[in-house]
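Report on the following structure.
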Amino acid sequence: MIPKRSSFPPGFLFGAATSAYQIEGTQFGGTGPSHWDSFAATPGNTFQGQDGSRGCEHYLRWESDLDLLKDAGFDAYRFSTSWARVLPDGRTVNPEGLDFYDRLVDGMLARGLKPFLTFHHWDMPSALATRGGWQNREIVDHFARFCQTVYARIGDRVETAATLNEPWCISWLSHFMGFHAPGLRDIRATGHAMHHVMLAHGTAIAALRADGARDHLGLVLNFETAHPADDSAEARAAAARQDAIYNRWFVQAAMGQGYPTEAMEGLEPHLPKGWQDDLAMIAQPLDWLGVNYYTRKNYAHAPGPWPQTVEVPGPLPKTQIDWEIRPEGLTEFLVRLKRDHTGDLPLYITESGVAFADETDDPNRIAYIAAHLQAAQAALAEGVDVRSFFYWSLLDNYEWSLGYLPRFGLVHVDYETMERTPKASWHALREALAG
Ligand code: FCB
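See below:
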């Protein structure tokens with residue numbers, strides 16, 4: 001059973017999350033090309049070569065999509081703004097793009113939904129990607145200007161604003177593992193991206209504050225439990241390296257704790273020169289931190305170059321895309337963040353969710369939501385200031401390199417007709433939130 005609203009502290013926010021490239025449809029409203037379009041247009045990069053040109057046609061259907069949030073009884077909606085829609089060539093503003101987000105925010109407010117804005121959820125304009133994207137320090141100022149442009153238009157009405165979604169995905173997943181755009185597998189590119197993405201975050205926060213932004217600025221990070229695959233000292237060391245790269249690099253930098261030693265062992269030679277001088281700019285004071293949590297992974301030692309880690313399948317129940325389901329990891333991260341990194345900073349659970357190959361009957365998703373809400377309650381009981389739970393995602397949508405295959409939504413989308421049908425989980429949440 002999904003815990004009822006009344007079992008949470010007053011003011012705890014329930015919501016659902018989406019991102020621009022995954023739902024809007026890039027063919028509408030004057031969006032420019034992004035590195036996701038060209039990545040998807042390259043054979044082998046995405047499931048059946050699928051891309052976000054159609055998304056879920058949210059650009060056309062946003063009003064009824066907002067109704068789905070309101071009718072479920074949600075308090076808030078986490079959305080992102082497309083960089084390529086707002087600045088199609090990376091420099092010139094597309095007024096149609098800003099108008100769209102203006103209408104969207106007003107539409108949320110009209111429905112009593114608090115807008116949770118994330119400026120960047122991965123669709124970099126191609127013109128900037130061509131110049132090296134996150135590898136080129138130039139991106140830092142482009143990014144700050146993008147955030148300022150969006151904030152100048154809608155910042156007065158959003159509840160919170162986050163610079164980035166999941167810098168680990170932007171840098172490591174995309175430049176080291178090659179799974180996301182730009183699809184590189186190069187450690188030097190990775191080192192540059194991991195530093196520049198954090199410098200872009202800090203620089204944008206400083207620029208927004210200088211523009212008079214309110215104290216509602218944050219950053220959204222993802223966390224994934226890294227366990228040793230066996231009892232060996234080698235596996236423990238591999239898991240510790242993975243943990244440093246994934247779970248500590250970004251939060252430590254943002255909180256002024258420097259980069260973690262186990263990650264610097266491999267990455268330091270590949271960081272841009274003079275990186276030390278940027279640490280202060282990166283560690284801008286924040287008003288909150290967003291936490292995305294999905295799964296845990298198991299690591300063993302691998303021969304070859306650093307980081308010498310290999311993922312080993314684990315024994316826990318799995319989702320449609322083989323992610324192990326382990327709700328207690330959410331509690332552990334919330335407690336650990338407060339203890340080791342964020343202190344009294346408010347934490348918002350900005351994403352947690354599950355993919356199953358379901359239609360509209362989804363008891364497994366209901367169980368997942370119940371267990372993860374209980375995990376949030378366990379952290380609250382330990383004194384962590386947790387303020388929200390955003391389910392990922394409102395709609396079945398374009399899941400990046402996995403295309404339209406995984407279904408994460410509370411609402412089923414028929415990709416032929418784009419018809420939306422609330423699943424049993426949507427109804428169950430509505431019941432838990434009522435009254
Ligand atoms: C997160 C992303 C989101 C979606 C979910 C499943 O890492 O922020 O866009 O891909 O995973």
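Numbering follows UniProt numbering, with no gaps: position 274 of the sequence shown is 274.
Yeah, the Cβ is synthetic: ideal placement off N, Cα and C, and Gly gets one too.
These numbers come from a predicted model, not from an experiment.
Proximity below 8 Å, CB of residue i to CB of residue j
i           : j           : result
residue 170 : residue 249 : no
residue 47  : residue 401 : yes
residue 181 : residue 36  : yes
residue 375 : residue 324 : no
residue 300 : residue 233 : no
residue 30  : residue 40  : no
residue 350 : residue 292 : yes
residue 434 : residue 366 : no
residue 126 : residue 33  : yes
residue 96  : residue 59  : no
residue 187 : residue 270 : yes
residue 120 : residue 80  : yes
residue 3   : residue 432 : yes
residue 455 : residue 284 : There is no way to answer for residue 455, as the model of the chain reaches only from 1 to 435.
residue 83  : residue 146 : yes
residue 221 : residue 282 : no
residue 148 : residue 208 : yes
residue 320 : residue 7   : no
residue 348 : residue 403 : no
Buried or exposed by the 16-neighbour rule on C-beta atoms within 10 Å, applied to residue i
i           : result
residue 242 : buried
residue 85  : buried
residue 124 : buried
residue 65  : buried
residue 1   : exposed
residue 92  : exposed
residue 18  : buried
residue 110 : exposed
residue 190 : buried
residue 381 : exposed
residue 42  : exposed
residue 414 : exposed
Close Cβ partners of residue i (< 6 Å) along its chain, the five nearest in sequence each way excluded
i           : result
residue 418 : 57
residue 424 : 361, 362
residue 346 : 288, 385, 387
residue 197 : 134, 167, 170, 171
residue 255 : 341
residue 26  : 52, 53
residue 263 : 244, 245, 249
residue 101 : 81, 154
Supposed close pair residue i, residue j - CB separation, criterion 8 Å
i           : j           : result
residue 128 : residue 142 : 6 Å
residue 337 : residue 251 : 7 Å
residue 353 : residue 388 : Between residue 388 and residue 353 the Cβ distance is about 14 Å, and since that is not below 8 Å, they are no contact.
residue 399 : residue 295 : Going by Cβ atoms, the distance from residue 399 to residue 295 rounds to 14 Å, so no, they are not a contact pair.
residue 356 : residue 407 : 6 Å
residue 315 : residue 266 : About 29 Å; that fails the 8 Å criterion.
residue 99  : residue 151 : Wrong, their Cβ atoms sit about 16 Å apart, outside the cutoff.
Proximal residues to residue i (C-beta, below 8 Å), its chain only, five neighbours per side dropped
i           : result
residue 61  : 418, 420
residue 261 : 244
residue 216 : 158, 159, 160, 161, 287, 288
residue 178 : 184, 185
residue 318 : 324, 325
residue 297 : 224, 225, 226, 227, 242, 311, 314, 324
residue 44  : none
As assigned by DSSP and simplified to three states, the class of residue i
i           : result
residue 225 : strand
residue 338 : helix
residue 167 : helix
residue 6   : helix
residue 413 : strand
residue 298 : strand
residue 61  : helix
residue 310 : strand
residue 93  : coil
residue 125 : strand
residue 120 : strand
residue 261 : helix
residue 291 : strand
residue 236 : helix
residue 54  : coil
Other residues of its chain near residue i: CB distance less than 7 Å, five sequence neighbours each side excluded
i           : result
residue 452 : The first residue shown for the chain is 1 and the last is 435, placing residue 452 beyond what the model contains.
residue 16  : 69, 74, 77, 390, 391, 393, 394, 410
residue 372 : 327, 330, 352
residue 339 : none
residue 90  : 125, 127, 128, 142
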